[in-house]
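Trainee:
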Amino acid sequence: NAGVTQTPKFQVLKTGQSMTLQCAQDMNHNSMYWYRQDPGMGLRLIYYSASEGTTDKGEVPNGYNVSRLNKREFSLRLESAAPSQTSVYFCASSEFREGIYGYTFGSGTRLTVV
Amino acid sequence: GNSVTQMEGPVTLSEEAFLTINCTYTATGYPSLFWYVQYPGEGLQLLLKATKADDKGSNKGFEATYRKETTSFHLEKGSVQVSDSAVYFCALSLEKLVFGQGTRLTINP
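From first to last, the protein sequence lines are chains A and B.
Numbering follows the working numbering, in which position 96 of the first sequence is assigned residue number 110; successive positions increment by one, without gaps.
Numbering follows the working numbering, in which position 50 of the second sequence is assigned residue number 61; successive positions increment by one, without gaps.
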């Protein structure tokens, strides 16, 4: 099925460990995004990529890095995990068609940093 | 900057009650507006959308009208069901998607 695939679905890290969250889409979308979801705060944009080869900071980029490896893949890296990064992470992609952006979301990665 | 403010939750209703979840926005430009729904343990699904003033988005009995004069996009449903229990997010898009904080809705039988 076409869509956005995120891996892993669950992860537990110790403070200071590093990891990369993977995201891939097969809809040929130009734009991709990483959000984090925290209780009572909705989804906040971490980084986005408007096209292959470009990345930009969102609302909460500190402590994260991203790579737009190719048009399909957009990874999020935590270099030194902190408990404040415990959250649910969503990847999304979008295309602009008929005057509106259409967004597709992955199923999320639940990350716990202890 | 662009922002979305939603009605604070949680909201608890009885089955067949009328639902309104308020949403207002601030935007530098003319955004598209969305409602997303997140069922327990799942990701986000698009519920409905509107692209211009006075557009009405509708889906699964839910409706919302793009009101430019009041910068609002309130979600309504005439008769809710237990299966509507979820978290609802209002969002705007001007290239990037900006979300409200979410409203948790619980429907009791």
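Using N, Cα and C, we set each Cβ at its ideal position, and we do this for glycine too.
1) I'd like to know whether the C-beta of B:L59 is nearer than 9 Å to at least one C-beta of chain A.
2) Report the partner residues of A:E109 according to the DSSP bridge assignment.
3) Say whether chain A places a C-beta atom closer than 9 Å to the C-beta of B:L108.
4) To the nearest angstrom, report how far apart A:A96 and B:S104 are at their CA atoms.
5) What do you get for B:A102, buried or exposed, if any count of 16 or more other CB atoms within 10 angstroms of its CB means buried?
6) Going along the region 83-105 of chain B in order, which residues come within less than 7 Å of chain A, judged by CB to CB distance?
7) For A:Q20, which residues does DSSP report across the bridge?
8) Leaving out the 5 sequence neighbours to the left and right, which residues in its chain are closer than 6 Å to B:N119 when beta-carbon positions are compared?
9) Tell me whether B:S94 sits in a helix, a strand or coil according to DSSP, three-state version.
10) Where do the ends of the beta strand (DSSP E) carrying A:S32 lie?
11) A:F119 touches chain B at which residues, Cβ-Cβ below 7 Å?
12) Decide yes or no for the touch test of the region 79-97 of chain A against the region 20-40 of chain A: beta carbon pairs closer than 8 Å, at least 3 of them.
13) Just checking my contact of B:A28 with B:V91 at CB under 8 Å: how many whole Å lie between their CB atoms?
14) Among all the DSSP beta bridges, which residues are the ones paired with A:Q51?
15) What residue from B:E74, B:L58 and B:V15 has the CA that sits closest to B:L30's CA?
16) Contact defined as beta carbons within less than 8 Å: I believe A:G56 pairs with B:F84. What is the distance between those atoms, to the nearest angstrom?
17) Measuring alpha carbon to alpha carbon, tell me which of A:L59, A:R58, A:G116 and A:Q51 ends up nearest B:E152.
18) Using 8 Å as the threshold, is the region 119-127 of chain A in touch with the region 99-108 of chain A, meaning 3 or more CB pairs across them?
19) Going along the chain, which residues of its own chain have a beta-carbon closer than 6 Å to the beta-carbon of B:L44, five neighbours each way excluded?
20) Applying the criterion that 16 or more other CB atoms from any shown protein chain within 10 Å of the CB defines a buried residue, is A:S63 buried or exposed?
Mentor: According to the data block:
1) no
2) A:G116
3) yes
4) 30 Å
5) buried
6) F100 and S104
7) A:C37
8) S25
9) helix
10) Here A:S32 belongs to no beta strand (DSSP E), and DSSP marks it neither H nor E.
11) G54 and L55
12) yes
13) 6 Å
14) A:L57 and A:V102
15) B:E74
16) In fact, because the Cβ distance is near 15 Å, the residues do not count as touching under 8 Å.
17) Examination of residue 152 of chain B is not possible in this model, given that chain B is present from 12 through 120 alone.
18) yes
19) A61, Y77, F84 and L103
20) buried
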